[in-house]
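Heads up: the structure comes next, in structure tokens.
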Amino acid sequence: EARGLGVAWPGDAGPPLFEGLDAVVAAGEVLAVVGPSGSGKTTLLRVLGGITRPWKGSVRPPAAGRPGARVAFVPQFAEAQLFAPTVAEDVAFAPGRAGLPRAEAAERSAEALRRVGLDPVVHGKAFPLDLSQGERRRAALAGVLSAEPNVLLLDEPETGLDPPGRRLLLDIMASLLARGVGLCVATHQPGWLAPLPGRTLLLCREGGWGTGAEHPRGA
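Going by my numbering, the letters in the sequence shown line up with residues 298 to 516, in that order.
In structure tokens, the structure reads:
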């Protein structure tokens, strides 16, 4: 939950990216952050994820004070961040880094791969670059899901996907919502999110912003 956020670049005499912005990423819902290039969509996600600090306002993490509450940021073209020799090792990195035993991290990896429609054996043993672009993107998403976040921040996850790839992404997102995960999605065209429950936050280049009751249909 964000209250009164303000972000401007140091030394920039122009208007702030946004000011006085309020936003809530609710469990089991999508908050679609919509706006043209340069309106601050990615910056807002980075602020919500604790990567970039606002010069004004505050961000309260989910379930504040509850152990295990996590916020995860998935950048645009996240597949470029795959680095391990195999997909399974890459996906197991986050739980392993969190201190889980190797066997438990491997199980987390397998479960996360299954959640995104990838086979833990067939795809898990593969070298990441041997997968298709859509499969690599899902593998990168699995790497984030293995950390079991409560809130997932997705920066234009639909970019470069064909219609079947978008439908599969929607299915994955719907399953996350059913598990109570809150999703915040930056996008230029929110119409593809219409099948999912949620609200829209509109950003403008001049620093203005506004909210909508639900995703626009057919946009």
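Ideal Cβ placement from N, Cα and C applies to all residues, glycine included.
Quick caveat: nothing in here was measured; it's all calculated off a predicted structure.
Asked                                                                                                                                                                          : Found
May I ask you to report which of helix, strand or coil DSSP gives glycine 337?                                                                                                 : coil
From what residue to what residue does the alpha helix (DSSP H) around aspartate 387 run?                                                                                      : 384-388
For threonine 508, which residues from the same chain have a beta carbon less than 6 Å from its beta carbon, with the 5 sequence-adjacent residues on both sides left out?     : Leu498
So, helix, strand or coil for glycine 462, using DSSP?                                                                                                                         : helix
At which residues does the beta strand (DSSP E) containing alanine 483 begin and terminate?                                                                                    : 479-484
With a Cβ-Cβ cutoff of 8 Å, do arginine 412 and alanine 439 count as a contact?                                                                                                : yes
Could you please give me the residues that DSSP links to threonine 508 through a beta bridge?                                                                                  : Leu498
To the nearest angstrom, how far is the alpha carbon of valine 344 from that of alanine 389?                                                                                   : 26 Å
Any idea which residues DSSP pairs valine 330 with across the strands?                                                                                                         : Ala483, Leu498
Tell me whether alanine 400 is buried or exposed, calling it buried when 16 or more other Cβ atoms sit within 10 Å of its Cβ.                                                  : exposed
Candidates Pro372, Ile348, Glu408, Met470: which alpha carbon is nearest threonine 456's?                                                                                      : Pro372
Which residue wins for smallest C-alpha separation from aspartate 319, given the options Pro351, Val418, Leu449?                                                               : Pro351
Over what stretch of residues does the alpha helix (DSSP H) that includes leucine 438 continue unbroken?                                                                       : 430-442
How about the stretch 332-346 and the stretch 375-383: do they share at least three Cβ pairs that are nearer than 8 Å?                                                         : no
Out of curiosity, what's the CA-to-CA distance linking proline 358 and leucine 450?                                                                                            : 13 Å
With a threshold of 7 Å on Cβ separation, who are the neighbours of threonine 383 within its own chain once the five nearest residues in sequence on each side are excluded?   : Gly421, Lys422, Ala423, Phe424
Using a C-beta cutoff of 8 Å, does lysine 353 count as contacting chain D?                                                                                                     : Among the chains of the structure shown, chain D does not appear; only one protein chain is present.
Looking only at its chain, what residues have a beta carbon closer than 8 Å to the beta carbon of leucine 252, apart from the 5 residues adjacent to it on each side?          : Look at the range of the chain in this structure, 298 to 516, and you will see that residue 252 is not part of it.
State buried or exposed for proline 460, treating a residue as buried only when at least 16 other CB atoms are found within 10 Å of its CB.                                    : exposed
For the alpha helix (DSSP H) containing arginine 357, list its first residue and its last residue.                                                                             : Counting along the chain, arginine 357 falls outside any alpha helix (DSSP H), and DSSP gives it neither H nor E.
Given glycine 362, which residues of its chain have a CB within under 7 Å of its CB, disregarding the five upstream and five downstream residues?                              : Model confidence at glycine 362 stands at a pLDDT of 43, short of 50, so the residue's coordinates are unreliable; what they give is reported in the following sentence. Around glycine 362: no qualifying Cβ.
Within the same chain, show all residues whose beta-carbon is closer than 7 Å to that of valine 304, passing over the 5 residues directly before and after it, in chain order. : Pro313, Leu314, Phe315, Gly337, Thr340, Val344, Pro351, Trp352
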